[in-house]
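For the sequence shown, this note's numbering assigns the number 489 to the initial residue and increments by one for each residue that follows. In what follows, a structure is listed as structure tokens, so that the remarks can point back to it.
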Amino acid sequence: MNPSTQEPTRIGEIRPSQLTTTSGVGAIVDLPGMSVIVRGLEVWTPGIEIHEPRLLTQVRHILPDQNITQLRAAPYDPQASRDSTTRVGVPTTTFPRWLRCPACRQLLPIDGAQQLKLIHRWGRRPDLAKWIHVNCPKQSNGETKRRPCIPARFVVACTRGHIDEFPYVDFVHQRSTATCPGPQLRLSDAGSVLGPRVTITCIACDTKRNIAEASGTRGADVLPSCRGRHPHLQAFERCEKPLKLMVLGASNLWFNDTLTALHLPSETQERVVAELVEQHWEILGSGIEPSVRRNVIEGMPALHGLQEVTDEQLDRAIEVERRRRENPSLQGEQVTTDLLGAEWKMLSQPTTELRDDDFLAIETEAPEEYRNLVAGVVKVHRLREVTASVGFTRVDAPYNLEQGNVKRAPLSRARVGWVPAVERRGEGIFLQLNEELIAQWCAQVEHHEHIERLRAAYDQWRLYRGLSLQSDFPIPRFLLIHTLSHLLLRRVALECGYSATSIRERLYVGTAEKPTAGFLLSTAASDTEGTLGGLVALGDRQFLGRLLEQVREDARSCSSDPHCAEHLPEPPSDQLHGAACHACLFASETSCEYGNRWLHRGVLADLGSALSVKW
């Protein structure tokens, strides 16, 4: 967004799905000519509504004070790639607002100094938008030919989701500019035997300081307290957390907090009615007379599913939906469990009677030689998954946000009534594991040395994040299911025609009262046609048996052995994995639900610890 005019300036483009996954609200996006931060939802023009009642219920449970009534897609206009004057898009603002001239190496602020100018060519090349140093002494050519200024590489952030400019002026002058006639900063870096040395120099008073002094544990003494800045909302709030030096582009600068649900076919007429009322609330909830409402139902093909429903049933469904919208806290406390529980029920007991255009699951035979471990295999020929963003975190990934020091940052300043979401269609393979075998093995290894080491690391991990200690987390069960999921995911990616980053896992571990054991490997695309069937074909018995045999071999060795095979967290380490590394088990963040935690090859292969399950 051009800060000097009211008209929108098109400065780049990303895929609509990225606005809900990797480059959502509050994320810093690197465009060809500049770096920008995506602004809050209050200035968005939302896209089409996405209907997924189970997910919407969960979003309301997570955000009870936001009165969420809809899931909306990102704004999208297919003409935007050909018409640069379209107003469809997502507003952004330049961040960080300190830039570095590549010619003279000066650090310049966008605000106040008036030494920077935004150059933009209307047409088909929004990537030519750039900030230039107007008074650069080393560039004499025209404005359009000048080299673009690049974002200053350092910012500061805290665990409450705030992010701010690095205090270059105060840092160089050690918080006192009394002896400086007028700060003029230059950033220079040079290599050394100890690594890169980045120095900030004030030309006016000839003071300099190495940026390394603001890093690590000593940075808390050098940097000021957080002032609670949310640049995506253009707002400040009270905050006293310590700031941490961050490098622009660091992976922990923005963690998206999302919820995902699979579409499941409706089981009863009551559920069908509830979904239709949810999807068409603007019409059915408007208080029209029953006779008029009946005419509307007959005249709208989308509402023909309500033709056989009595007025009393429809009135009851409308009243339930109205109460849920007025008081989202009525959603109950078991929403999170039910989100996965309903999927587990559908996938572990598939039937072709429950199917629609977005879901088709057919059970197939498990490989004979692995039936002691694999109790069932389901080929999901059609699936639809919807992912909604409910916020984001910085510095640390979202995990038990309500208990720890990490806080979910808001997506908007005001209540907008919706959250961004994206829907994908694709295919998958579901494996249900033998519950009797797993329960027996978990009881045997509950006090194994490796499990105790991981339990101590988990206590330390929670302690670092201000979380209460938990002793009931099913570490052995989680290790087994998660490790097998990763090994099979990596092996499947070599044969199905899809990249490993496009295949996602969904674990079903259950609770202590209702334990489950299984996982779904799926791939999906935001295109309406979905995917091509290369993954689901590998669910056939002859292919899956061979893949599981290769998984067994993969678990036994790693190119980083013996270092990988012998790895265990040592106190006071908070690493939540055993024998696992990038060479054997780790997957991309788009594939793994748990950030490559709870992985250990020793649960599936004999690495000399007598820990592995017999399969």
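Idealized CB from N, CA, C, for every residue including glycine.
- By alpha-carbon distance to V735, the top candidate from A561, F583, V933 and V526 is F583.
- Rounded to the nearest angstrom, the Cβ distance from V513 to G528 is 6 Å, consistent with a contact under 8 Å.
- Here I502 has S511 and V517 as same chain residues with Cβ atoms under 8 Å from its own Cβ, once five neighbours each way along the sequence are excluded.
- If you keep only unbroken beta strand (DSSP E) runs of at least 3 residues inside the stretch 653–679, you get 673–678.
- Bridge pairing for N744: F880 [DSSP].
- The C-alpha of K1102 is placed about 12 Å away from the C-alpha of V862.
- Inter-segment contact for the stretch 903–911 and the stretch 931–951 is absent: fewer than three beta-carbon pairs are separated by less than 8 Å.
- Burial check for Y952: the Cβ neighbour count within 10 Å stays below 16, so the residue is exposed.
- One Cα belongs to N740, the other to L733, and the distance between them is close to 11 Å.
- Separation of G829 and L848 (C-alpha to C-alpha, rounded to the nearest whole angstrom) is 18 Å.
- The shortest C-alpha to C-alpha distance from G1006 to any of V710, F966 and I991 is the one to F966.
- Secondary-structure assignment with DSSP links C690 through a beta bridge to L673 and T695.
- If you ignore the 5 residues before and after M834, its C-beta comes within less than 6 Å of the C-beta of L752, all in its own chain and listed in chain order.
- For A645, the secondary structure class from DSSP, reduced to helix, strand or coil, is strand.
- When secondary structure is reduced to three states using DSSP, F583 falls in the coil class, being assigned neither helix nor strand.
- A distance below 8 Å separates the beta carbons of I917 and L1026.
- Sixteen is the threshold: when 16 or more other Cβ atoms of the shown chains lie within 10 Å of the Cβ of S877, as they do, the residue is buried.
- Taking C-beta atoms as the reference points, R674 and T695 fail to come closer than 8 Å.
- Of the candidates G773, F743, V710 and D1028, the residue whose Cα lies closest to the Cα of Y887 is F743.
- If you draw a straight line from the Cα of Y986 to the Cα of E763, it is about 33 Å long.
- Per DSSP, the unbroken beta strand (DSSP E) holding V997 starts and ends at I991 to G998.
- Between V1024 and K867, the C-beta spacing is below 8 Å.
- One alpha carbon belongs to S1097, the other to C646, and they sit about 41 Å apart.
- In the DSSP assignment, F918 falls within the unbroken beta strand (DSSP E) covering W906 to L921.
- By the Cβ-count criterion, Q928 is exposed, with fewer than 16 other Cβ atoms from all chains shown falling within 10 Å of its own Cβ.
- Restricting attention to R585, G577, V576 and T545, the CA atom closest to the CA of V524 is found in R585.
- In the same chain as G535, and ignoring 5 residues on each side of it, the C-beta atoms closer than 6 Å to its own belong to R560, A561, A562, P563 and Y564, in chain order.
- Approximately 6 Å separates the beta-carbon atoms of E530 and R901; this is inside 8 Å, confirming the contact.
- According to the DSSP assignment, E851 belongs to the beta strand (DSSP E) that extends over L848 to T852.
- Looking at the DSSP output, A749 bridges to V874.
- Taking a contact to require three or more Cβ pairs closer than 8 Å, the stretch 960–976 and the stretch 1071–1085 qualify as touching.
- A515 is the residue among E701, A515, R685 and F961 whose C-alpha sits nearest the C-alpha of D745.
- Under the DSSP definition of a beta bridge, A1013 partners with R913.
- In this structure, L899 lies away from R979, with their beta-carbon atoms at least 8 Å apart.
- Excluding residues up to 5 positions away in sequence, N922, L925 and W1103 lie with their Cβ nearer than 7 Å to the Cβ of N860 in the same chain.
- Judged by DSSP in its simplified three-state form, M734 adopts strand.
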